[in-house]
Amino acid sequence: MLKGLIPALFLSLSLATSQNLIVLNKSENTAMFFNLKNDRLISQLQTGEAPHEVAISPNKKYAIVTNYGTREKPGNSLSIYNLEKLTLEKVINLGELRRPHGVEWLDNEKVVVTVEANKSIAIVDVKNEKIVKEIKTEQEVSHMLVISPDKSKCFVANIGSGSVSVIDLNKGELIKTILTGKGSEGIDITPDGKEVWVTNRAEDSVAVIDVKTLDVKKKFKVDGFPIRVKFSKDGKFAVISCARSGEIAIVDAISKNVLRRVKTAEKSDVEKAGRLFGSVFGDSPVPIGIAIDKQNFIYVANSNADIISVIKLGTGEMVRTIKTGKEPDGIAVW
Numbered sequence: 000m001l002k003g004l005i006p007a008l009f010l011s012l013s014l015a016t017s018q019n020l021i022v023l024n025k026s027e028n029t030a031m032f033f034n035l036k037n038d039r040l041i042s043q044l045q046t047g048e049a050p051h052e053v054a055i056s057p058n059k060k061y062a063i064v065t066n067y068g069t070r071e072k073p074g075n076s077l078s079i080y081n082l083e084k085l086t087l088e089k090v091i092n093l094g095e096l097r098r099p100h101g102v103e104w105l106d107n108e109k110v111v112v113t114v115e116a117n118k119s120i121a122i123v124d125v126k127n128e129k130i131v132k133e134i135k136t137e138q139e140v141s142h143m144l145v146i147s148p149d150k151s152k153c154f155v156a157n158i159g160s161g162s163v164s165v166i167d168l169n170k171g172e173l174i175k176t177i178l179t180g181k182g183s184e185g186i187d188i189t190p191d192g193k194e195v196w197v198t199n200r201a202e203d204s205v206a207v208i209d210v211k212t213l214d215v216k217k218k219f220k221v222d223g224f225p226i227r228v229k230f231s232k233d234g235k236f237a238v239i240s241c242a243r244s245g246e247i248a249i250v251d252a253i254s255k256n257v258l259r260r261v262k263t264a265e266k267s268d269v270e271k272a273g274r275l276f277g278s279v280f281g282d283s284p285v286p287i288g289i290a291i292d293k294q295n296f297i298y299v300a301n302s303n304a305d306i307i308s309v310i311k312l313g314t315g316e317m318v319r320t321i322k323t324g325k326e327p328d329g330i331a332v333w
């Protein structure tokens, strides 16, 4: 019995004392778990069909994955993984709520998730496996979301409507729809909760929303199909992935100036059939998902190159790459 406990105990201690990475492979229906001390693959587990986004619980015990589904068959489930045991804990069926995508934890027991097909978000009690509330955005392709630091508001980027829905989570109601730009998709909030940034992929711009007034206070250009945005932990920088140009843009969060652009990979030569963007962007590696760790290393999922790029935030230096499965996208560090 002791022999069986030792590997499990070692794994648990290793995960607790080192930094780790989870990567979702959309075309393989898998989640890969890496120990970033040596980039070792420590586990690979099945997801539902076409997993798109992942979020880590505040206590770092669980990861939640949205199973988006395919064009032909919309998904309607969430997969929950135990990060201490590296096991699939449970799968939550969302019933008639379909195409779950963006997701964030409200606390250690509840999450908020977009459900595109229903033009809604849903608050889900993960512990008790039930839908607490559905709140309509009534916008087209409600895709990504972010929650304010005080957990009072949810901001939802709507690709088809070129807007952001602002939802009062305490009252459970939509309070404003803000027109932000064509193809509003990537979204993040500054650590101080004062600004929400939205990437408008169809017009190569970023809209900056003042959280106090709920108005767009600034727009600036970022070329190359900006598709995701993520702030550094200290709020000094924003990192934007540009799918068409195959770069990330590192932006000064105060001045809103682009400091540098960094290629995330060499030209892509992988088989593009069956991938979301296929050959739309030629030989671009198609960087999408972004994570930034406490040491200010940037992790970028290249969906058409099947690698994670690891880049120093301060210098833009490419440190290394990590091999993934087919079409990596959703990514998180813990």
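Position one of the sequence shown corresponds to residue 0 (numbering that gives the first Met the number 0), numbered consecutively onward.
In this text, a Cβ means the ideal position worked out from N, Cα and C, and glycines have one as well.
In chain order, what residues of the same chain have a beta carbon less than 6 Å from the beta carbon of residue i, not counting five sequence neighbours either side?
i: V145; result: F154, I186, D187, I188
i: P148; result: G192
i: A156; result: H142, M143, V163, S183, E184, I186, V197
i: V53; result: I21, L23, A62, V64, G329, A331
Rounded to whole angstroms, what's the CA-CA distance from residue i to residue j? Just pull it up for me.
i: V22; j: G329; result: 6 Å
i: E27; j: V250; result: 33 Å
i: R338; j: S56; result: It is not possible to answer for residue 338, since the shown part of the chain is limited to 0 through 333.
i: S267; j: E172; result: 44 Å
i: V131; j: K322; result: 38 Å
i: K293; j: I287; result: 20 Å
i: I41; j: V112; result: 28 Å
i: A304; j: V215; result: 35 Å
i: K271; j: L35; result: 28 Å
i: I334; j: L168; result: Because the chain in this structure spans residues 0 to 333, residue 334 falls outside the shown range and cannot be described.
i: E194; j: S254; result: 13 Å
i: A264; j: E137; result: 38 Å
i: N37; j: K170; result: 46 Å
i: V210; j: G234; result: 15 Å
i: T179; j: Y67; result: 25 Å
i: V285; j: A242; result: 4 Å
i: V90; j: L44; result: 13 Å
i: E202; j: P50; result: 27 Å
i: L1; j: I291; result: For L1, the predicted model reports a pLDDT of 42, less than 50, meaning its position is unreliable and no value from the coordinates is stated.
i: L85; j: L105; result: 22 Å
i: I208; j: H100; result: 22 Å
Taking Cβ to Cβ, would you say residue i is nearer than 8 Å to residue j?
i: V110; j: V125; result: yes
i: L82; j: A62; result: yes
i: F33; j: N24; result: no
i: E48; j: T69; result: yes
i: S244; j: V299; result: no
i: S78; j: N92; result: no
i: S204; j: K218; result: yes
i: I120; j: V114; result: yes
i: N238; j: I247; result: A small fix is needed here, since residue 238 is Val in this sequence, not Asn. Contact: yes.
i: K229; j: I306; result: no
i: N199; j: K181; result: yes
i: P190; j: K232; result: yes
i: M31; j: G324; result: yes
Where DSSP assigns a beta bridge to residue i, which residues make up the other side?
i: I177; result: V163
i: S204; result: N199, K220
i: D282; result: D282 is not bridged to any residue.
i: P327; result: N24
i: K229; result: V238
i: F154; result: V145, V165
i: V112; result: V102, A121
Which same chain residues, not among the five before or five after residue i, have their C-beta less than 8 Å away from its C-beta?
i: V318; result: F296, V309, I310, K311
i: G94; result: N75, I130
i: F336; result: Any property of residue 336 remains undetermined from this structure, which presents the chain solely from 0 to 333.
Might you give, ordered along the chain, the residues of its own chain that have their beta carbon closer than 7 Å to the beta carbon of residue i, omitting 5 neighbours on each side?
i: N58; result: N107
i: L213; result: V165, K175, I177
i: P73; result: R97, R98, A116
i: G315; result: I249, R259, V261
i: R274; result: S26, S302, N303, E326
i: V140; result: E115, N157, I158, G159
For the ligand MG, I want to know if residue i counts as a neighbour, meaning its beta carbon is within less than 7 Å of at least one of the ligand's heavy atoms.
i: D187; result: Inclusion of the ligand MG in the displayed structure is not the case, the ligand content being empty and no account of it being possible.
Starting from the N-terminal side, write out each stretch of the beta strand (DSSP E) that is 3 residues or longer and does not extend beyond the stretch 20-101.
Runs of the beta strand (DSSP E) inside the stretch 20-101: 29-34, 39-45, 50-55, 61-68, 73-81, 86-92.
Can you give, in chain order, each stretch of the beta strand (DSSP E) that sits fully within the stretch 270-321 and has at least 3 residues?
Within the stretch 270-321, the beta strand (DSSP E) runs of at least 3 residues that lie entirely inside it are, in chain order, 286-291, 296-301, 306-311.
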